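Data first, discussion second: the structure below is written as structure tokens.
4 protein chains.
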Amino acid sequence: MDRPSFESDYNNGAHPDVLRRLVETNGETSQSYGYDTWSESARRKIREATGCPQADIYFLVGGTQANATVTDALLRPYGAVIAVETAHINVHESGAVEASGHKVITLPSHEGRMSPDDLEAYLRRFFADPTWEHMAVPGMVYVTIPTELGTIYPKADLERICDICREHDLRLFVDGARLGYGLAAEGCDFDLPWLARHCDAFYIGGTKVGALCGEAVVFPQGAPKGFFTHVKAHGALLAKSRLAGVQFDALFTDGLYLRIARHAIDMAMQLRDIFVEAGLEIKDSPTNQQFVVLENSRMKALMEKVLFETWEPVDDRNTLCRFVTSWATTAAELQVLREALRG
Amino acid sequence: MDRPSFESDYNNGAHPDVLRRLVETNGETSQSYGYDTWSESARRKIREATGCPQADIYFLVGGTQANATVTDALLRPYGAVIAVETAHINVHESGAVEASGHKVITLPSHEGRMSPDDLEAYLRRFFADPTWEHMAVPGMVYVTIPTELGTIYPKADLERICDICREHDLRLFVDGARLGYGLAAEGCDFDLPWLARHCDAFYIGGTKVGALCGEAVVFPQGAPKGFFTHVKAHGALLAKSRLAGVQFDALFTDGLYLRIARHAIDMAMQLRDIFVEAGLEIKDSPTNQQFVVLENSRMKALMEKVLFETWEPVDDRNTLCRFVTSWATTAAELQVLREALRG
Amino acid sequence: MDRPSFESDYNNGAHPDVLRRLVETNGETSQSYGYDTWSESARRKIREATGCPQADIYFLVGGTQANATVTDALLRPYGAVIAVETAHINVHESGAVEASGHKVITLPSHEGRMSPDDLEAYLRRFFADPTWEHMAVPGMVYVTIPTELGTIYPKADLERICDICREHDLRLFVDGARLGYGLAAEGCDFDLPWLARHCDAFYIGGTKVGALCGEAVVFPQGAPKGFFTHVKAHGALLAKSRLAGVQFDALFTDGLYLRIARHAIDMAMQLRDIFVEAGLEIKDSPTNQQFVVLENSRMKALMEKVLFETWEPVDDRNTLCRFVTSWATTAAELQVLREALRG
Amino acid sequence: MDRPSFESDYNNGAHPDVLRRLVETNGETSQSYGYDTWSESARRKIREATGCPQADIYFLVGGTQANATVTDALLRPYGAVIAVETAHINVHESGAVEASGHKVITLPSHEGRMSPDDLEAYLRRFFADPTWEHMAVPGMVYVTIPTELGTIYPKADLERICDICREHDLRLFVDGARLGYGLAAEGCDFDLPWLARHCDAFYIGGTKVGALCGEAVVFPQGAPKGFFTHVKAHGALLAKSRLAGVQFDALFTDGLYLRIARHAIDMAMQLRDIFVEAGLEIKDSPTNQQFVVLENSRMKALMEKVLFETWEPVDDRNTLCRFVTSWATTAAELQVLREALRG
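Protein chains in written order, with the working numbering: chain X, 202 to 544; chain B, 202 to 544; chain Y, 202 to 544; chain D, 202 to 544.
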């Protein structure tokens, strides 16, 4: 066995059931640009899973693309999106939202989460400012479920964020690049239909949850006018849309999407137990990303047995490290880690 | 057998050899964002096939995305790109080039091709105009090989276009969404290394030549500074880059890319013969897109036997129709067409 | 006397009455960013002159700025604007509309005018095209009154263009950089209130009609939401808005705007008579731009006596030349020209 | 006398010497778009005043426009600009920089200033981050002289910022909307030629220093290629460029620009003395913006005698208020304030 890799949830191929469907359907001809039968079928299944019979659903290729395309569609040209400082759109998307012309306004991150209080205070202050018309006007709130730090939102917080958005006429957009891991996490007190009722747009991430690529962008109350053309203008329209359609059709057949997520969560909880057993300090995360503090020389020794990412230095002697699980993580891999930590 | 489909070269799955490699490599973990070993390997093979050891190569997902991303990287903010009226970027990309801020300046189409004379005359007139600084300044020429109408450029024309670009300090960019079919066409008097020496950027289309998705963007003399970040800012960076890497590695192993193209060309030439035999008027095309004039009632009858696209009305009674071949086109399918036309 | 200049209507200072008001008000303090009392007063007067009590009016600095800012506000991100080939936005604005992300779709120019038939045919064809969702979708029509070639639209044509726009849910925008000269032209069969009832936005050009700078953008039925912020995001908000406000207040006091235009038209008609007298071939233009064909050696000789612009070569021996009048054109200047042509 | 206004330095007209030149030159015809003789003359004088014989100089209309246009010209498409949180481009420009596609990266404000230490630390951390290619890449530093809070930079700090920029291949851009007030401030230990040698671009603000409008953008080592066209594409090119040219020619004749600034500074220092005399708490500012803490009821009473702006609440009972001087501020106005505070 090669060194087990806990580096990310996009360092492996597709879940075997997804791949099998790609192989099975490869010989069939189909329409393209989203009009193929698998995309149609996938949309039907997602409408059912989200409890939104009238939802518009588009399959985009990746997360940054989905974020920039949706943001640009929901905002007026001078509109800004509010996100926490650690948000993916603010840090790790090369300024894609700004490249489409929109400012990202940041609020403090609370373990990756936005605080409804911060949001409300910001908006009250903003619209009370006599110079507000000279500023980029917030038109949308962006939250991530689960967050970049692996945390999830309590339903009550999302509900308040949703209410605040409606009060101030802002759209609410949920980046769900890892949505499955949030929904499957212990302590998550909402489900997909509830989420769909509380936001204007969200996406169900495929790339990080068992697919080779693909994010299903869902507009529960319908997409903005002309969104198909908008997607193409953003260079985000797949010609062979079967690639996304077949995969999402498989992911939403027999609950595969959530089964993949639950497996990864199960592995992640065992990972956490291994760290706790080993007496290590961990960050609280109920999802498939686990953060642990490793003393630097121990970290280097461990790296020769298993692969993982360093996140950020804690101090001169210790580093916060990230371990990620996925559909591909196995009990045998965890055992290698357990033994490596014991060694 | 379902009705054979000649609708497009992106209505089928991947070439079996490409698909097999996706299946074989699925279980391996890898780096992402273009740093996976398959992408590295594919780049090496493409550098060899293009005779450009120093080329920078990036794998993007689709054609519109590649066109807009490269154009925006090669132009200054006020720069414009020159293309023929029928060019894909001018007609069928939802204004993606303009969405990145750049004007498309059009010249007449000569069966899909740009005339070097037209280009030279335009540029001379442009820079002689005392008001030229008030206009969008051409900084790039965009040509398609083969063109949207299935035609190819004689080498001499490309050479002149290249020279004109160098004289006026314009970049030359080749949209190669169907590049293989151009290179494999009878009468094509240049090859990949020659092309690479005569342009600043081009891409080798995968989507339409046997892959599920993917275009290999090649900068023979090196990419513009920061192109990786630029790609991500355009939402065009694949997380699981293995998806593109594995496919292009397969396409550039044992000459598969050109073999796929040659098969499609072979089928297309038989298609042409079938039309000629049937006494139909055809457009001259040496590539995998064949255009034929069908009387409207005959067209409708034919559609019940085989699938194809109408292109544009010729007059009240006749329609120009497009038939496209690909790796998946079979002799049996051609036979269905032959018989349907005889019927 | 220096050589009289007929080069343009922006080569002189402000009309004396406009300048005097700038001097008279210079010592007063005021609000800024459009909230000064002169801007408020100017808006009231323009609402009255256009018969639009509910109009929103913004004072921008120049024409290109006004065109790009309004276009970007009225279109969705993927939206395109339809204009004739000779339109200022298509030729002489350095791609400013595209720089804001929007394609300019061109129709043939009929002496600078758009033909309602062309427009209707284009839109019918566009929306009948099964691939229209893959194209930049027209969302606005741009016409210029008077056109770049000095011509004006018959009311009946504008009415049809307006109807076509409403039928296809397009906005109608009128570039009025020289609007006064159109309204004051002999044969113009509509007035400002009629125009205001037939378009979604237009501007009343100040720069070319007696001001130092400034264009009054009028939205007869109200501006798009957040237009103030949008203007600032386009870098188009004047801090010392008094500069525009005072000038437009003067221009719309006691009918100055139309008096300036009528004077220039009167001078232009005399100019035309001088050319006719001299047996020269002229283009038909009822406005302040007159186009005349001059034999090249005669043209050069004339240039030593009066200043004017060459427009375009007619053939090897003759050139089309442009002569423009303004508030500053005098009978004495015309006399110089008359004598120069006789000489 | 109306209530004296200390609300801003753009609430009055032009300095009388500037206005007089506009009147004197009004009757002359001229070239346009920056080619008029006054613009040429103004450029010569500014080249001399900045000690940059090879400088390229463009006259734009306003500050937001200048900031967005220059930023977009100096950055690559994915490039970001670093500024302090309180920077005008980050707060009060409606997202104009982002509307041109660029992210604003913020560092803490130290009384409006950027700390060289913060900048250096940020850049070291940025380029050490293994994921930096996934982020908007800083390509420019933006500083304001004087800052939004009226403070100025010690020469040593600017020198270090300049060195850090050169080390990391970043451009340095100085927003000089109020530049004169910085140069004329007590304690400013550099002059215009020194500044010009230490940055890649800066502008000399006219709007807030005695003109009706206009900012002189200076590129000491030459402008980016095609900047004229770039300016027009941003909607920032004045047709009647005489308006800017005449004003800057006047401002740079006989040292008027600095004389205006010195008068305002003199008035501001007297303003400060008045506050100190009255026992009020003030912010330290050597420039024409003075910030003072007023108890709320006293603030309201004072507002009935003089006009000024509230800046931000200090606590429930006190407010920070801003008083601004300009060429138009008189000793008599100060006397009204002095008496009002005594009353």
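Beta carbons are placed, not taken as given, at the ideal position from N, Cα and C, and that holds for glycine.
Note that the coordinates shown come from a computational prediction; the quantities given were computed from them, not determined experimentally.
Apart from the five residues on each side of it in sequence, which residues of its chain come closer than 6 Å, Cβ to Cβ, to Y/T348? Here the set comprises G313 and R314.
Which chain Y residues sit within Cβ distance under 9 Å of B/G313? Contact annotation for B/G313 against chain Y: no contact, minimum CB-CB distance about 16 Å [criterion: below 9 Å].
Enumerate in chain order the residues of its own chain whose CB-to-CB distance from X/F509 is below 7 Å, with the five nearest sequence positions on each side excluded. Contacts found: F207, E208, C522, R523 and F524.
Under 7 Å by beta carbon: chain D residues contacting X/K304: By Cβ distance, chain D contributes G296 and E299.
I'd like to check one pair, D/T265 with Y/G264: are the Cβ atoms closer than 8 Å? No, Cβ-Cβ distance for Y/G264 and D/T265 is not below 8 Å.
Using a cut-off of 7 Å between C-beta atoms, extract the partners of B/G351 located in chain D. Within chain D, no residue comes near B/G351; the closest Cβ sits about 34 Å away, beyond 7 Å.
Are any of the Cβ atoms in chain Y nearer than 8 Å to that of B/H335? Yes, contact with chain Y.
Could you check the C-alpha separation between X/D370 and X/G340 for me, to the nearest Å? Distance between the alpha carbons of X/D370 and X/G340: 7 Å.
Rounding to the nearest angstrom, what Cα-Cα distance links X/L535 and B/V224 in this structure? X/L535 and B/V224 have their C-alpha atoms spaced approximately 25 Å apart.
Reducing DSSP to helix, strand and coil, say where Y/W333 ends up. Y/W333: helix per DSSP, three-state reduction.
I need the straight-line Cα distance from D/Y404 to D/V419, nearest angstrom please. Going from the Cα of D/Y404 to the Cα of D/V419 covers about 6 Å.
Listed by chain order, chain B residues near X/L413 by CB distance under 7 Å: For X/L413, the C-beta contacts it makes with chain B under 7 Å involve K441 and L444, in order along the chain.
Could you check which residue in D/A267, D/A300, D/A288 and D/V282 has the C-alpha nearest to that of X/A281? Check the Cα spacing between X/A281 and each of D/A267, D/A300, D/A288 and D/V282: the tightest is with D/A300.
When DSSP labels each residue in this structure, what does B/D237 get in the three-state scheme? B/D237: coil per DSSP, three-state reduction.
Between which two residues does the beta strand (DSSP E) carrying D/M315 extend? Boundaries for D/M315: no beta strand (DSSP E) harbours it, and the DSSP string shows neither H nor E there.
Output the distance between the C-alpha atoms of X/E368 and X/Y323, rounded to the nearest integer angstrom. Counting only the Cα atoms, X/Y323 lies some 13 Å from X/E368.
7 Å CB neighbourhood of D/A243 in its chain, flanking five on each side removed: Apart from sequence neighbours up to five positions away, the residues of its chain that approach D/A243 with a beta-carbon distance below 7 Å are G446, F449, D450 and F453, ordered along the chain.
Nearest to X/E229 by CA position, among B/D210, B/K246 and B/T238, is which residue? Just measuring C-alpha positions, the residue of B/D210, B/K246 and B/T238 sitting nearest X/E229 is B/D210.
With the cut-off set at 8 Å, would you say D/F492 and D/K484 are in Cβ contact? In contact: D/F492 and D/K484 (Cβ atoms closer than 8 Å).
Taking the beta strand (DSSP E) that B/P339 falls in, what are its first and last residues? For B/P339, the enclosing beta strand (DSSP E) begins and ends at V338 to T345.
Against B/K426, what residues of chain D qualify as contacts under a CB-to-CB distance less than 9 Å, listed in chain order? In chain order: R277.
Report all residues from its chain with a CB closer than 6 Å to the CB of Y/K246; omit the five preceding and five following residues, and keep chain order. For Y/K246, where only same-chain residues beyond five positions count, the Cβ hits under 6 Å are F453.
Which residues DSSP lists as bridging D/E505, in chain order: DSSP lists no partner for D/E505.
Can you tell me whether X/D474 is buried or exposed? The criterion is at least 16 other CB atoms within 10 Å of its CB, across all chains shown. X/D474 should be labelled exposed.
Using the Cβ count rule (16 or more neighbours within 10 Å means buried), how would you classify B/A532? In summary, B/A532 is exposed, with fewer than 16 beta-carbon neighbours lying within 10 Å of its beta-carbon over all protein chains present.
Counting only C-beta atoms, is D/T272 closer than 8 Å to chain X at any point? Taking Cβ atoms only, chain X never reaches closer than 8 Å to D/T272, which makes this a no.
For X/L373 and X/H399, what's the separation of their Cα atoms in angstroms? For the pair X/L373 and X/H399, the Cα-to-Cα distance works out to about 8 Å.
Through-space distance from D/D319 to X/A496, alpha-carbon basis: Residue identity check: residue 496 of chain X is Glu in the sequence provided, not Ala. Rounded to whole angstroms, X/E496 to D/D319 spans 28 Å at the Cα level.
Backbone secondary structure at Y/C400 - three-state DSSP: Y/C400 falls in the coil class under three-state DSSP.
Determine which residues of the region 339-363 of chain D have a Cβ less than 8 Å from any Cβ of chain X, and write them out in chain order. Taking 8 Å as the Cβ-Cβ cut-off against chain X, none of the residues of the region 339-363 of chain D qualify.
With distance defined between alpha-carbon atoms, name the residue in B/V494, B/N489 and B/V338 nearest to D/G427. Cα-wise, what sits closest to D/G427 is B/V338.
With distances taken Cα to Cα, identify the nearest neighbour of B/S233 among B/P217, B/G302, B/R518 and B/F260. Out of B/P217, B/G302, B/R518 and B/F260, B/F260 has the C-alpha closest to the C-alpha of B/S233.
Over the uninterrupted alpha helix (DSSP H) stretch that includes Y/L417, give me the two end residues. Strictly speaking, residue 417 of chain Y in this sequence is Ala, with Leu absent from that position. For Y/A417, there is no enclosing alpha helix (DSSP H); the residue is part of the beta strand (DSSP E) that begins and ends at E416 to F420.
Look at the alpha carbon of X/R222 and the alpha carbon of X/I258, and state the distance between them as a whole number of angstroms. In a straight line, the C-alpha of X/R222 is about 21 Å away from that of X/I258.
Using the rule of at least 16 other Cβ atoms within 10 Å of the residue's Cβ for burial, across every protein chain shown, is Y/F328 buried or exposed? Sixteen is the threshold: since fewer than 16 other Cβ atoms of the shown chains lie within 10 Å of the Cβ of Y/F328, the residue is exposed.
Tell me whether X/T530 sits in a helix, a strand or coil according to DSSP, three-state version. Coil at X/T530, not helix or strand.
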